[in-house]
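Residue numbering for the sequence shown follows the numbering used here, beginning at 23 and increasing consecutively.
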Amino acid sequence: GCGCNAELLLTAMPQNRLVSGCNDYYCDASSSCGVACAEIDIQAANQHAWVSTLHAFDDPGGMSRGFGAGAINFDSKKYGLGGSCVDTSRPFEVSSSFPIGLDGNLMK
23 GCGCNAELLL TAMPQNRLVS GCNDYYCDAS SSCGVACAEI DIQAANQHAW
73 VSTLHAFDDP GGMSRGFGAG AINFDSKKYG LGGSCVDTSR PFEVSSSFPI
123 GLDGNLMK
């Protein structure tokens with residue numbers, strides 16, 4: 023069969039000053055083009071699974087949670103009224119925020 027991996031990720035490219043093996047400044051936690059940097063995988067998903075992972079620049083495995091990615095309790099509260107899963111056959115929205123304090127640092 024054929025598979026699809028739909029990914030939405032953020033990388034720390036503005037801090038990367040090294041030209042990668044892809045002849046640009048791309049970097050990720052897996053060093054795909056030869057340069058490693060921190061990465062947030064907001065979504066890596068297909069029809070059967072979904073996972074979200076945080077990676078330090080030197081940690082390609084990362085810490086992940088999601089359906090098919092380790093033990094976690096996904097009950098109806100996680101999916102909203104009447105929900106029991108992410109229905110990947112229909113459009114859905116992903117939202118994230120990274121609030122910064124007055125000092126310019128990321129808030130916890």
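We put the beta carbon where it would ideally sit given N, CA and C, even for glycine.
- Looking at the backbone, the Cα of Q69 and that of E29 are separated by about 12 angstroms.
- In this structure, DSSP gives H77 an extended state, which the three-state scheme calls strand.
- With at least 16 other beta carbons inside 10 angstroms of its own, D63 counts as buried.
- The three-state secondary structure of E61, taken from DSSP, is strand.
- The C-beta of S52 has fewer than 16 other C-beta atoms within 10 Å across all chains shown, which makes the residue exposed.
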